[in-house]
Every structure is written in structure tokens, then in C-alpha cells.
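S.K.: Chains as they are written, first to last, in my numbering: chain A, 974 to 1312; chain B, -4 to 301. The beta-carbon is built from N, C-alpha and C at its ideal position, and this holds for glycine as well. Mind having a look at this structure? Questions to follow.
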Ligand SMILES: Nc1ncnc2c1ncn2[C@@H]1O[C@H](COP(=O)(O)OP(=O)(O)OP(=O)(O)O)[C@@H](O)[C@H]1O
Ligand code: SF4
Ligand SMILES: [Mg+2]
């Protein structure tokens, strides 16, 4: 991809601070990433690695305990970190939209589908109720909801899970955003419904030329859907770059472990649990590389100093001492294994 | 489910039985009603005659048996003093009690709901702290004290409001406020916690993600959902109010059921005291039973529990 990126995150950090200020969880830690228009960026990582927090940081819809402590988020030339709340409100749902992890709970039980789908259109574009509802009907059609006319006047509890997920998708694209962030459901729906939903997202992306950030546990889906990949571990992006390159030659030991844990038959519901050891407690992080306790290539220096992001190829980054250029990339892996 | 309803109903009957037993013997500890019904200096024979007339000469257990027997026939007995059926007296006073409860409830919701919303939106900040103080005062100041302070300020000093009686809307203000005070605090607390729960929900997060203005998120998406438990509680509390207004009705001489109970106690009019207490207990037991059953229908976990 050429030209300026649509969204560029620069050393972005978001921490959860407990009420007494004693416990700090670095849920997003110095994340640097970018995505161009029309691209799909996959974000993978174990549960608790900070994927959802990163997404909510981009939209600045964070729980009260969370603080964006540093970094910049350049979106179409403007820094989202420094925008006022009111300016941010005009970005949300209009220029950047997000589909939440839990589609079952994302719809308000007391309002009709039509009301909830047409809401962003009315708020951002000042459309009349009638016009917004007409567009809502088109949106339901676009996400392949049968008999959209009657669905508009129904309530969420009258819909199946798959249907609700599509409706949340329809809300996401209602104002034709430039960027859509989709947080994949953890409590997965029926497999075929899930596959249909993924196809729908891909189709919508092509049809509207939007950039898509797709958050998932599933590398099989990344292989199918994404151009770029960012692997998160304990709040950091430990490896990022084009999907094909990372899949062919992963640079970071964690990425390698993830790829090895993909089941052969590509079960789309498979979680990333096949790696030995537990994810670290993010409030008491030891010095050095956070993956060290589980890393099979760990060296003494890994426990002393934290590896910075090393460039390991065109548009590729790895946060691992093995990738340090001074000692030479490829051989180092062997050397590291011996050490 | 059927088993659950049967079990809950038998508990209800048991508690009503215990209530009837307690009130029956308790009211008899207050003294002999005959001494209050005869002229001063009446003879022992006169008193005996009155005992006989009201069945007070029979052994206690026989009296209790008769009381329960008439209860099953829907008869609360005759007032010693008024010489009319207790149920008639009760129905006479009920509209006043309902009116008072209704106004007190409206007041408590009018104060409690907005205060609860403010506290939830400002959690940990000024209005939340103010609300906590208000809750503390509301739940710790007894209503007779609130009533007396109100009378002192608005009747004695300012002379704006009548201190007792009924008849005009002005008479209603102070008793309704004194009665609603406690409930306002509890409605505020529930509104606050209910709002906080809703504000943490996924659909509120989605509403934010849509770029809706904060006012719309609070007033439309959060408020309506948060209101459901508050209105449920308010429904129950109306029944409770009708039955706990004794003190307030006495302080303000409001002619409701509470005042009737108070009169019953001072005149040792046993049937009135028994009747009012049993009616109140019955209402509260039934409301609780209905709620338990409704919850069991909604939540299968309760239903299946043993
Ligand atoms: N409201 C919160 N307060 C404090 N800590 C939080 C809060 N929300 C999340 N965290 C912590 O932040 C870290 C990142 O959480 P996040 O939800 O972003 O992870 P995730 O990668 O999306 O996980 P999953 O795959 O399970 O959705 C976790 O350690 C979590 O415990
Ligand atoms: S820095 Fe060391 S411990 Fe961390 S991933 Fe690389 S080799 Fe493993
Ligand atoms: Mg998540």
C-alpha cells in the first residue's frame, strides 16, 4: 500500500488504574501500528492481551478506570488523542465504527431494531425519522436480513443471535465509516453463521472500500481475511507486518508458537490455548521481555532488558532480542536457541 | 414450579398464623378494655357484663380459636368502641391511606429518581456524595422526628400549612413528605445502582460508539432500562406505605388506617388492632408471594433450587 495511512498509532499506551491508584494494568503498551484505506488488519492475541482495549482506545470509549497515558492516533491527518469529547463524538459511528465483542448484549432491549439502526443516521446526518428508517431498511437488506420491513418494528429479543450480530454490523456501516473495527465474539455463535458473518464483513468492506480492523483469536481467519497482521502479547504488539510474510517466516517466538498451535483441519472455533504456560499478570510485570517465562528461545539478557521493536523486513517489526540487527537476523535464531 | 408455589404459599400461611398469634396475645397485654368502656366507679358486675358481651370472659385459647374461625369466614369482628364491623371501619379509612400513600410515593419518586440519576452520572463526585448524605439522613431519621420538624417550621413558625387533620390538599403536603422521606432515600439508592449497572452494559457502550450525545445516552438508553427495578420497588412500597403510616398519620392526625390502628391501641379495641394488623400483614405477605412467584417464572435457577 502506498500513500499516507488512514490511521496511524504511534506509541499508544492505555492503562487501567485501580481506584486507589495502587494497581496499574498496562493493557495497551507503546503500540505502533498503521492501516491504509481499504486494507484489512488482523489483531490476534490471547485473552486479556489488550485487543479490545486497543479498539476502544481508538474510539475513546473507555471504562472510567482507563487512561490513555501517552501516544498519538493520527486519523486522516488529525490526532484523535487530543480531540475534545464533542469532536470525538462526531468521529464515532460516522468516520470510525466498531462492532462489539458481544452482539447478544449490544442491542438495547427496550427499543426497536429500526430505532437503533436509524439512530446514527439521524444523529450524524440530521435525517428525518422517516428517511432514516428507509435507510435502515436498506441496511438490513445489505446485511442479508430476510423481510427487513417487519424486522424494523421488532425488538432484539425476537431475533436469533446470528441476526442480532448482523444488525450490529448494519449499525456499524450505517454512516459509511472509513474504518470499521470488528471485535470477534468470544462466545461463538453457530459455525456456519459465523462463516456467513465473516463473508458478509468481507463483502461489505469491498463494497464500501472501508478499512477493516479485525480482532480475533483465530489465525485461520486471519489467513483468509487479512492483509496485515499484528500479534499482541501482554499489551504490546510483539510482531506486525504483511500476513503472508509472517505466516511464511514468523520472526517472534510467540508468533511461531501461535502458528504451531493452529489445528490442521482449520477449526474456526479453535482458541489460542495450545501454548505452554500462562499469560502474565499484567499488573506486576517483571523487567525484560514479557514472553520470557514461556519462550523456548529465551536468553539471559531477555530477563534483563525489554526488547525494542526491531525492523525485520519491509513493513515488519518484531519485539524480540533475536531480531537485533547487530548480530544478524537469521543466524541469530540458531544462536539464540543454543544460548 | 407447582411445588415451589405450594411451598411458598405454605410459608406465607405460616407467617400469617404466627402474626395472628402474636398480635392476639400482644394486644391483650395492654390491659382490660372494659375499664375504658365503663363509667368511672362502675361496679364489678358492670365490668363482668361487658366481659361477657365481648366474649372476654372465655378462656384465652377459646377466644383465639373464635378469632381465627371468624377470620376464615372473612370476618374481622366488631369494634368494642364503635360497635360496627372492623372491616367497615377499615374500608372507611382506606381511601385516605391510599391517597396519602399515592402522594407520598409520587413525592419520593420525584425526589429519588432524579437524585439517583445525578449520583450515578457523577459517581464519586459532588452529587454522589450529597446523595449519600441524603440517603443516610433519609434512612436514619425517624418519620415522627421529620414530622415534628415540619410542623415546627411550616405550621408553628411560618404558619403556611395546617398541622393536623384532612380535607384540603394543603393538609396532605406535610404527612406525604414525612412518609415519602424514607422511601425517597431508598428509591434514590436503587435508581443509582440500577443506573450504574445499565451504564456499564454493552448496549450503552454501543450507544457511545454510535456517537450519540451524552444526554441522549442517559435520558433515552440508560434511563428507561434503569427504571424497571425502581418501578417494581415503588409498586411494592405503595402497599408497604399504606401499612406503615401509623406514626405519620398519628403525628398529623390523618384519618387513615394507621390512625385507626392507633385509636384501636389507645382504646384497647382488640378487634380493631387485630384486624388492621392482619390486613396489613396479609397484604405484605401476598405482595411478597406474588413477587417471589414472578421471579421464579422469570429466573429458572430459583425454580429448580431444591
Ligand atoms: N474495566 C477494566 N478495569 C481494569 N482492568 C481491565 C478492565 N477491562 C480490561 N482490563 C484488563 O485489561 C487487560 C486487557 O483486556 P482486554 O479486554 O483488552 O483483552 P482482550 O485481548 O480483548 O481479551 P479477550 O480476547 O478476552 O477479549 C486484561 O488484563 C484485563 O484484565
Ligand atoms: S526477547 Fe527473548 S524471551 Fe522474549 S521472545 Fe525474544 S527470545 Fe523470547
Ligand atoms: Mg476483547
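1. In this structure, does DSSP put residue 1114 (chain A) in helix, strand or coil?
2. Am I right that residue 1000 (chain A) and residue 1023 (chain A) are in contact with their C-beta atoms under 8 angstroms? What's the rounded C-beta distance?
3. How would you write the range of the alpha helix (DSSP H) that residue 107 (chain B) sits in, first residue to last?
4. Which residues does DSSP pair with residue 1203 (chain A) in a beta bridge?
5. Nearest by alpha-carbon distance to residue 1234 (chain A): which of A:1249, A:1222 and A:1221 is it?
6. Out of B:265, B:41, B:0 and B:13, state which residue places its alpha-carbon closest to the alpha-carbon of residue 277 (chain B).
7. Looking only at its chain, what residues have a beta carbon closer than 7 angstroms to the beta carbon of residue 49 (chain B), apart from the 5 residues adjacent to it on each side?
8. Could you confirm whether any beta carbon from chain B is found closer than 8 angstroms to the beta carbon of residue 1307 (chain A)?
9. Any contact between the region 200 to 213 of chain B and the region 1062 to 1072 of chain A? By contact I mean 3 or more CB pairs, one from each, below 8 angstroms.
10. Less than 8 angstroms between C-beta atoms, sequence neighbours within five positions excluded: which residues of the same chain meet that for residue -2 (chain B)?
11. Measure the C-alpha to C-alpha separation of residue 1005 (chain A) and residue 1298 (chain A) and round it to an integer number of angstroms.
12. What is the DSSP secondary structure of residue 1051 (chain A), reduced to helix, strand or coil?
13. Shortest alpha-carbon distance to residue 1150 (chain A) belongs to which of A:1209, A:993, A:1048 and A:983?
14. What residues from the region 210 to 228 of chain B come within 7 angstroms of chain A, judged by C-beta to C-beta, listed N to C?
15. Under three-state DSSP, which class holds residue 1071 (chain A)?
16. Find the nearest neighbour of residue 80 (chain B) within the set B:94, B:65 and B:90, judged by alpha-carbon distance.
17. Tell me whether residue 196 (chain B), by its Cβ, gets closer than 7 angstroms to a heavy atom of ligand 2.
18. Can you have a look at residue 220 (chain B) and say buried or exposed, based on whether 16 or more other CB atoms are within 10 angstroms of its CB?
19. Name the residues in the region 1177 to 1197 of chain A whose C-beta lies less than 8 angstroms from a C-beta of chain B; which are they?
20. Quick one: which chain A residues come within Cβ less than 7 angstroms of residue 198 (chain B)?
21. Whole angstroms is fine: what's the gap from residue 1245 (chain A)'s alpha carbon to residue 1231 (chain A)'s?
22. Residues of chain E with CB closer than 8 angstroms to the CB of residue 1225 (chain A), please, in chain order.
23. Taking the DSSP output, what are the residues bridged to residue 73 (chain B)?
24. Determine the direct distance from the alpha carbon of residue 1039 (chain A) to that of residue 980 (chain A), and round the result to whole angstroms.
25. Within 7 angstroms: the Cβ of residue 325 (chain B) and any heavy atom of ligand 1?
26. Going by the CB atoms, is the gap between residue 1216 (chain A) and residue 1227 (chain A) shorter than 8 angstroms?
27. Based on the DSSP output, what are the partners of residue 988 (chain A) in its beta bridges?
28. Just verifying my parser: in three-state terms, what is the DSSP assignment at residue 1187 (chain A)?
29. State the DSSP-derived secondary structure class of residue 1092 (chain A), mapped to helix, strand or coil.
30. Take every Cβ of the region 49 to 58 of chain B, pair it with every Cβ of the region 18 to 35 of chain B, and state whether three or more of those distances are shorter than 8 angstroms.
M.R.: Quick answer:
1. Here residue 1114 (chain A) sits in helix by DSSP.
2. 4 angstroms
3. Note, residue 107 (chain B): alpha helix (DSSP H), 81 to 116.
4. Answer is A:1016 and A:1213.
5. A:1249
6. B:13
7. 75
8. Annotation note: pLDDT 36 at residue 1307 (chain A) (below 50); position unreliable, no value reported.
9. yes
10. none
11. 20 angstroms
12. DSSP places residue 1051 (chain A) within a strand segment (E or B) once states are collapsed to three.
13. A:1048
14. 216, 219 and 220
15. In the three-state reduction of the DSSP assignment, residue 1071 (chain A) falls in the strand class.
16. B:65
17. For ligand 2, not one heavy atom lies less than 7 angstroms from the Cβ of residue 196 (chain B).
18. buried
19. none
20. Correct list: 1078, 1079, 1080 and 1081.
21. Residue placement at residue 1245 (chain A) is flagged as unreliable, the pLDDT there being 47, under the threshold of 50; the coordinate-derived value follows with that caveat. Rounded to whole angstroms, residue 1245 (chain A) to residue 1231 (chain A) spans 7 angstroms at the Cα level.
22. Judged by its chain identifiers, the structure shown contains no chain E, and its protein chains are A and B.
23. Checking the DSSP bridge columns, you'll see residue 73 (chain B) partnered with B:80.
24. 21 angstroms
25. Nothing about residue 325 (chain B) can be reported from this structure: the residues present for chain B run from -4 to 301 only.
26. no
27. A:1040
28. strand
29. helix
30. yes
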